Structures are given as C-alpha cells and as structure tokens.
DNA sequence: CTAGGATCCTGTCAGC
DNA sequence: TGCTGACAGGATCCTA
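Set out below in structure tokens:
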C-alpha cells in the first residue's frame with residue numbers, strides 16, 4: 006500500500022476536506038470491503054482523523070469510528086468542489102467514479118469519498134471509538150522509527166537474528182510504517198544488503214538504518230506521498246512521484262546514484278527487492 | 001517462540 | 001491475437 010507517508014498524506018488531505026462534515030450515506034458495493042453496521046456512523050459529524058501506522062481512523066462525534074486500511078491497492082478519492090486523491094496511484098485518481106474498483110461510497114454534505122481497491126485486501130471497519138486501539142493489529146504495532154531509540158531497534162534485530170533484515174523491517178511489530186518501497190530505499194541509504202541476517206548488523210549499522218528509515222519517510226511525507234497532484238503533471242501527462250523519489254525501487258538495470266553500480270532486482274522475504282550489489286554490503 | 005511460504009483478489013504485462 | 005505465468009506500495013495464517 007500505500008505505506009506510512011501515503012497514509013499520512015491522506016490523513017492531512019482528508020482532514021482539510023471532510024472535517025466537521027456530516028456523513029449522509031454509506032453505500033457498500035463490495036461486502037468484503039466493509040465490516041460492521043454502517044448505520045452507526047450515518048448522520049454523524051467527522052470529529053478527527055487519526056493514523057496508526059498505515060491505518061487511518063475517521064472519528065465521528067457520536068463516538069463511533071471508521072478504521073480504514075488500504076493494504077496493497079486501496080485509494081481514497083474525495084470528489085467535492087475539487088478532487089483530492091491519494092493512496093495507491095492509478096488512473097482512478099482522475100477517473101469517473103464510482104467505477105468497477107469502487108468498493109464503498111461515503112456521501113458527505115459537500116462531497117463524496119470513494120474507497121477504491123482493486124485487489125480487495127483493504128477494508129473499512131466500524132468500531133466504537135474507544136475500541137480502535139484495542140484492535141489486535143493496532144495494539145501490536147511497533148513505534149514509528151522517529152520515536153524509537155537505537156537501543157530498542159538493535160534489541161529487536163537480535164530477537165529476529167536469523168531472518169533477513171528486509172523481512173524484519175517490513176514487520177510492523179518490529180518497526181512501523183515501512184513497506185516494500187521505503188524498506189528498499191532505507192536499506193540503500195544505509196548501504197546494507199537486504200539479505201543480511203538481522204543479527205549480523207552492528208550497532209552502528211542498525212543506527213544508520215533507523216536513521217535512513219526516518220529520513221526516507223519524512224522526506225516523502227514532506228513531498229506529499231502519492232497524490233493526484235504529483236500523479237497528474239502540470240502538462241496534463243501522468244507520472245508517479247516515486248519515479249523521481251526512488252533511488253532503487255523499480256530502477257533495476259539503472260546506475261546506482263551513489264557508486265554507479267548496476268541496480269539489481271532479487272526476491273527477499275517473498276517480495277521484489279531492489280538494491281545495489283556494489284555498495285550495499 | 002521464530003522463519004518462510006501460501007494465501008486473500010484483480011489486473012497487467014512479458015513471453016510464447 | 002490469445003493464452004500463460006509471474007508479479008504487484010500488505011498482512012495473516014499455516015507449517016516446520
């Protein structure tokens with residue numbers, strides 16, 4: 006998905022558009038994508054929008070909340086006076102909606118929020134606001150990298166010493182926010198080979214990786230993740246901001262920006278993994 | 001407990 | 001053109 010920076014971008018954007026608006030109607034087009042009783046939030050006002058790792062929470066003033074996880078291909082597209090779209094970048098950002106990938110439609114006073122999700126791994130769930138933090142995956146979520154000490158991170162690596170470092174930093178119970186792209190980017194920045202066993206990293210390498218995870222995600226949040234704005238370029242053509250942001254992701258065959266080596270693509274932890282075999286040790 | 005693979009689902013793309 | 005398998009910005013479940 007949509008990794009942490011994208012979800013944070015959605016949160017900030019949505020807050021601007023739907024805060025204080027009343028939800029008028031919920032249409033569930035795909036049962037799998039919506040859990041719970043939708044009537045509980047109808048006619049309630051949006052009080053706040055929070056984020057837990059890669060999960061988004063819309064709190065309503067009647068103490069019910071919508072927990073949203075975009076997983077791999079989820080997107081939230083708000084269509085009001087103007088359109089705001091973020092999440093997994095695709096033509097849906099600019100398409101006529103609803104379409105075949107629209108799973109849930111939330112109608113507000115001044116606009117409509119579409120939850121699109123090609124692969125249906127994502128979901129929206131109605132919860133009592135006080136129960137959000139009791140959801141199992143949220144309860145188990147590790148700290149975000151900028152809130153984690155080097156010592157804590159290093160200790161966690163020892164607990165998973167025999168797993169590849171890439172698999173470990175993708176584990177949201179170890180450190181939260183990184184997904185397949187930012188994991189590759191952080192490992193490149195820290196000059197660490199993705200297949201290294203987590204236990205083989207020195208304390209210094211662990212610190213450097215933690216710093217890289219912070220740097221990569223903070224910079225992406227600053228640039229606004231994947232949104233309609235950086236999907237549709239000024240001249241009207243389409244582009245993905247990752248094409249300019251990423252140093253290794255989807256750059257196999259290209260020259261490494263640091264050492265000129267050739268970026269390779271391999272499989273680690275069951276995921277496509279991009280790295281420079283020359284400078285990542 | 002950990003590590004790794006299969007699995008959920010739809011769509012696209014490379015290669016025959 | 002039409003088919004096939006591989007793969008995809010995530011996380012859980014199952015097995016060893």
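Residue numbers (the numbering used here): 6 to 286.
Cβ atoms here follow ideal geometry from the backbone N, Cα and C, with glycine treated the same way.
Values in this document were obtained by computation on a predicted structure and should not be read as measured data.
Below 8 Å between beta carbons: does that hold for residue 16 and residue 61?
-> yes
Sequence-distant residues of the same chain with beta carbon closer than 6 Å to residue 192, five excluded per side | 199
List the DSSP bridge partners of residue 90.
-> 82
Could you name the residues of the same chain whose beta carbon sits closer than 7 Å to that of residue 58, not counting the 5 residues immediately before and after it, in chain order?
-> 9, 146, 177, 181, 182
Own chain residues within Cβ distance below 7 Å of residue 19, not counting five before or after | 54, 81, 83
Pick out whichever of 89, 25, 125, 78 has its Cα sitting closest to the Cα of residue 33.
-> 125
Report, in whole angstroms, the separation of the C-beta atoms of residue 134 and residue 70, which I expect to be a contact under 8 Å.
-> 5 Å
Contiguous alpha helix (DSSP H) assignments of at least 4 residues, all confined to the segment 27-55 = none
Pull up the distance between the alpha-carbon of residue 279 and that of residue 203, whole angstroms please.
-> 18 Å
Between the beta-carbon of residue 12 and the beta-carbon of residue 102, is there less than 8 Å?
-> no
Identity of the residue in 163, 155, 173, 268 nearest residue 213 by Cα = 155
Return the CA-CA distance between residue 259 and residue 268, expressed in angstroms with no decimal places.
-> 6 Å
Identify the continuous beta strand (DSSP E) that holds residue 185 and give its terminal residues.
-> Taken as a continuous stretch (DSSP letters only), residue 185 belongs to no beta strand (DSSP E), being part of the alpha helix (DSSP H) at 185-194.
How many angstroms separate the CA atom of residue 114 from the CA atom of residue 30?
-> 10 Å
Got a sec: does the ligand GTP put a non-hydrogen atom nearer than 7 Å to the Cβ of residue 88?
-> This structure does not include the ligand GTP; it has no bound ligands of any sort.
On the three-state DSSP scale, how would you describe residue 200?
-> coil
Alpha helix (DSSP H) containing residue 159: first to last residue?
-> 155-164
Do you know offhand how far residue 250's Cα is from residue 97's?
-> 22 Å
Residue 136 to residue 63, Cα distance in whole Å?
-> 13 Å
Do residue 14 and residue 91 have their C-beta atoms within less than 8 Å of each other?
-> yes
Rank 275, 281, 254 by C-alpha distance to the C-alpha of residue 264 and give the top, closest one.
-> 281
What does residue 255 pair with, by DSSP beta-bridge criteria?
-> Answer is none; residue 255 lacks a bridge partner.
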